[in-house]
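Mind the numbering: the sequence shown is residues 1 to 286 in UniProt numbering, read in order.
Ideal Cβ placement from N, Cα and C applies to all residues, glycine included.
The structure appears right after this line, and notes come after that.
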Amino acid sequence: MLSLAVAAVAGCSASSLRPPADDHAADETELSHDHDYETHTLYAQRDEHQIYGVIYVPQGASSPMPAVIFSHGFGGTHAVGAQYAQALARAGYVVYCFDFCGGSPDSRSDGSTLEMSLFTEREDLEAVITMMQGLDFVDSDNLFLIGSSQGGAVSAITAAAHPEAIRGMVLLYPAFVLVQRANDMYQHAEQIPDRQFFMWMDVGRVYFEDLLGYDIYAEIPAYENDVMLIHGDADTIVPLSGSQRAAAAYPSVELKVIPDAGHGFSGTAAQTAIDAMLSYLQAHQT
């Protein structure tokens, strides 16, 4: 039987297991009818930036387990992924939900929102992937990405850059449209202010500068494995049309549209998304 090997985790070059501080969700054992699982605070490292996250680890496994990395959206935190992580952990998946550096004023990771961009978040996710690959209870051949909103866009470009590392990917209402919105606001670097209130938080110059002239739809097809897109047809923040365009760009993709669902799933829409991602994960793990 495998267990959460604290010594092994602490020895990884990219991570350290630490006390949960004031996070009531960390270092508690959750019980369920399928798998018992534990949650622990787990840190990854990107250069000088420490990345905070919570890992969900099913108990009772006798071999390394398939794993999922959940990436939250613009202004969100790891807590966005909790409802999905709980369901997946009960089904036998290790799940890591983390805070992007500067991803939110409420982020527990290092960094300011003024330093964050789509590409700094890709670097964060790359560091998390490296950390997860080093955990002895994770089957690194079955490592999946799930991302919501901007975290979906970040997951997409990360998978395109490292297709060999990612077994599969589920994108929830991915915010590819943010790239176009940024380019609609500023066409030249000299137009970009050092600080800009964008949607619902302040971001810095780097957020817009990194996206000047960038075509995300030209990049994402480099990931050729099967992709699942899940989007609500009542999403007014990130319209369904963005996922429809992505579906046309990907070599192998399924687009699941949830009727009457908006941006961010809850209730019946969340359960529909969970059922779809579980079916996808079970069908694609080796």
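query, result
"Contained alpha helix (DSSP H) runs [length at least 4] in the UniProt domain \"Serine aminopeptidase S33\" (64-194), N- to C-terminal order", "82-90, 118-133, 150-161 and 177-185"
"Endpoints, alpha helix (DSSP H) assigned at residue 272", "267-284"
"For residue 31, three-class secondary structure by DSSP", "Unreliable placement is indicated for residue 31, whose pLDDT of 45 sits below 50; the coordinate value is still reported in the next sentence. Of the three classes helix, strand and coil, the one that applies to residue 31 here is coil, per DSSP."
"Residue range of the beta strand (DSSP E) that includes residue 250", "Per DSSP, residue 250 belongs to no beta strand (DSSP E) and is neither H nor E."
"Beta carbon of residue 189 nearer than 8 Å to that of residue 219", "no"
"Segments assigned alpha helix (DSSP H), at least 4 residues, entirely inside the segment 216-247", "216-219"
"Reduced DSSP category for residue 52 - H, G, I as helix; E, B as strand; rest coil", "strand"
"Other residues of its chain near residue 93: CB distance less than 6 Å, five sequence neighbours each side excluded", "66 and 68"
"Contact belief for residue 109 with residue 119 at Cβ below 8 Å, rounded distance in angstroms", "About 16 Å separates the two Cβ atoms, so there is no contact after all."
"Outcome for residue 268 when other beta-carbon atoms lying within 10 angstroms are tallied against a minimum of 16", "exposed"
"Under 8 Å between C-beta atoms of residue 56 and residue 39", "yes"
"Cutoff 6 Å; reference residue 232; Cβ partners in own chain excluding five residues on either side", "258, 261 and 262"
"8 Å Cβ cutoff, residue 182 in contact with chain B", "Note that chain B does not occur in the displayed structure, where there is just one protein chain."
"Three-way DSSP call (helix, strand, coil) for residue 43 in this model", "strand"
"Assigned exposure category for residue 185 - 16 Cβ within 10 Å defines buried", "exposed"
"8 Å contact criterion, which residue 229 and residue 247 should meet: CB distance rounded", "6 Å"
"Cβ contact (3+ pairs, closer than 8 Å) linking the segment 43-57 and the segment 156-165", "no"
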